[in-house]
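>
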Amino acid sequence: MERKIVIAGASGFVGKYLTKRFLASRYQVVSIARSNGGIPWNDSRKIIEALENSEMLINLAGKSVNCRYNKLNKAEILSSRTETTRILGEALSHCSNPPEIWINASTATIYRNAEDRAMTESHGEIGTGFSVEVAKLWEKTFFGFELPDTRQVALRITIVLGLDGGVMTPFKNLVRFGLGGKQGNGKQMFSWIHIEDLYRIILYIQSHKHLSGVFNCAAPTPVDNRTLMQTFRRLMHVTIGLPFSAWLLELGAVVIRTETELLLKSRWVIPKRLSNEGFVFKFPTLETALTDILSHE
Ligand SMILES: NC(=O)c1ccc[n+]([C@@H]2O[C@H](COP(=O)([O-])OP(=O)(O)OC[C@H]3O[C@@H](n4cnc5c(N)ncnc54)[C@H](OP(=O)(O)O)[C@@H]3O)[C@@H](O)[C@H]2O)c1
Numbered sequence: 001m002e003r004k005i006v007i008a009g010a011s012g013f014v015g016k017y018l019t020k021r022f023l024a025s026r027y028q029v030v031s032i033a034r035s036n037g038g039i040p041w042n043d044s045r046k047i048i049e050a051l052e053n054s055e056m057l058i059n060l061a062g063k064s065v066n067c068r069y070n071k072l073n074k075a076e077i078l079s080s081r082t083e084t085t086r087i088l089g090e091a092l093s094h095c096s097n098p099p100e101i102w103i104n105a106s107t108a109t110i111y112r113n114a115e116d117r118a119m120t121e122s123h124g125e126i127g128t129g130f131s132v133e134v135a136k137l138w139e140k141t142f143f144g145f146e147l148p149d150t151r152q153v154a155l156r157i158t159i160v161l162g163l164d165g166g167v168m169t170p171f172k173n174l175v176r177f178g179l180g181g182k183q184g185n186g187k188q189m190f191s192w193i194h195i196e197d198l199y200r201i202i203l204y205i206q207s208h209k210h211l212s213g214v215f216n217c218a219a220p221t222p223v224d225n226r227t228l229m230q231t232f233r234r235l236m237h238v239t240i241g242l243p244f245s246a247w248l249l250e251l252g253a254v255v256i257r258t259e260t261e262l263l264l265k266s267r268w269v270i271p272k273r274l275s276n277e278g279f280v281f282k283f284p285t286l287e288t289a290l291t292d293i294l295s296h297e
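Residue numbers for the sequence shown follow the numbering used here, so the first one is 1 and each next one is one higher.
1. Rounded to the nearest angstrom, what separates GLN72 and LYS63 at their Cα positions?
2. Use the C-beta contact count for PRO148: other C-beta atoms within 10 angstroms, 16 or more gives buried, fewer gives exposed.
3. Would VAL29 and ALA8 qualify as a contact pair, given that the criterion is a beta-carbon distance under 9 angstroms?
4. Please state if the CB of LYS136 and the CB of ILE110 are separated by a distance shorter than 9 angstroms.
5. Compare the beta carbon distance of PHE279 and ARG156 with 9 angstroms and say whether it is the shorter of the two.
6. Relative to ligand 1, is the shortest distance from any of its heavy atoms to the C-beta of LYS63 smaller than 8 angstroms?
7. Which residue marks the beginning of the beta strand (DSSP E) containing LEU161, and which one marks its end?
8. Indicate, with yes or no, if ligand 1 has a heavy atom lying under 8 angstroms from the CB of PHE171.
9. On the three-state DSSP scale, how would you describe TYR204?
10. Taking the alpha carbon of LEU18 as the point to measure from, which residue in GLU259, GLY241, HIS194 and GLU115 has its own alpha carbon closest?
11. Mapping DSSP to helix, strand and coil, what is LYS74?
12. Rank LYS209, ARG234 and THR84 by C-alpha distance to the C-alpha of GLU277 and give the top, closest one.
13. Quick check: the Cα distance between ALA33 and VAL160, rounded to an integer number of angstroms?
14. Regarding ASN36 and ligand 1, is the C-beta to nearest heavy atom distance less than 8 angstroms?
15. Could you tell me whether the region 94-103 touches the region 50-66, where touching means 3 or more Cβ pairs closer than 8 angstroms?
16. ILE48 lies in the alpha helix (DSSP H); which residues open and close that run?
17. Could you have a look at TRP247 and say whether DSSP puts it in helix, strand or coil?
18. Given that a residue counts as buried once 16 or more other Cβ atoms are within 10 Å of its Cβ, and exposed if not, what is ASN66?
19. Can you tell which of LEU262, GLY12, ASP197 and LEU203 has the C-alpha that lies nearest to the C-alpha of PHE283?
20. Would you check whether ligand 1 has a heavy atom nearer than 8 angstroms to the C-beta of ILE205?
21. With a threshold of 8 angstroms, are at least 3 pairs of Cβ atoms found where one atom belongs to the region 204-220 and the other to the region 242-253?
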């Protein structure tokens, strides 16, 4: 029988990559989605059927946070995460042969703005504000389910670097047009993960059956914003990089309908649990990750 994986949010940046990788490993990938031929969220019978005898459930669904945080968007950012998680948890509790593991996306934004020290799973401090509240409720919904036959793992994902999506295109465009200087004071930390390492982390956790709970998904060497932009400029052979002050970013964010938090929050997160467990990163430094991604364009 073909090995089956169920992915919710498979049409997104991360989901597409994971789908491609699992298909290449001869898995059958079944998606739950709002469209694109996936099982619709309101069809609980089909969702249960898909989960029966599957090896793993991965839930990546959630409205993109790259928008203005107005009332409507905020409500959808939250509900698209908690509701999808709730639907999946309920479906799993109705399965007679559920997957052995359920991996749910979460976000490293759950930690506070950190300029003083790195946040780990055991010694990280949870922050405050809208994005943090979303992350807390997302994880609370997820861990609210007690599933005797299914391990539960929440991935606190940092900024994902990869081809065809995420932050690479906007960063590259800034650098290309000579605007790739520091943003704000440049001291805010940038924690990141190469998309291939995110996939490898999922495989690692899947095959190490004693693992469950929360995992920081970050490369072990976060950098500050100044170093981030310097590395981009160097690898793209661009010498000029005009900086963006915080107020200019604030103005720009309104114009392009996004939030400065995405650029200015200091995210200093390290993968303590993964390192303790012996996970080895394929792209441990920003230089290795960006060199790889830029060489594939
Ligand atoms: N990319 C990052 O840097 C990053 C960092 C931290 C955390 N994460 C989290 O990891 C997950 C995957 O990230 P991504 O970059 O792949 O996100 P993405 O490209 O925005 O894709 C997320 C998927 O969620 C589904 N979705 C969107 N709005 C929805 C709604 N209102 N209701 C239900 N489903 C909805 C969509 O799938 P369908 O169209 O198929 O329904 C979409 O393809 C997200 O939950 C994100 O918050 C990502």
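Just so it is clear, CB atoms sit at the ideal spot from N, CA and C, and this is done for glycine as well.
In terms of the structure at hand:
1. In the sequence on display, residue 72 carries Leu and not Gln. In a straight line, the C-alpha of LEU72 is about 12 angstroms away from that of LYS63.
2. exposed
3. no
4. yes
5. no
6. yes
7. 159-161
8. no
9. helix
10. HIS194
11. helix
12. LYS209
13. 21 angstroms
14. yes
15. yes
16. 44-51
17. helix
18. exposed
19. ASP197
20. no
21. no
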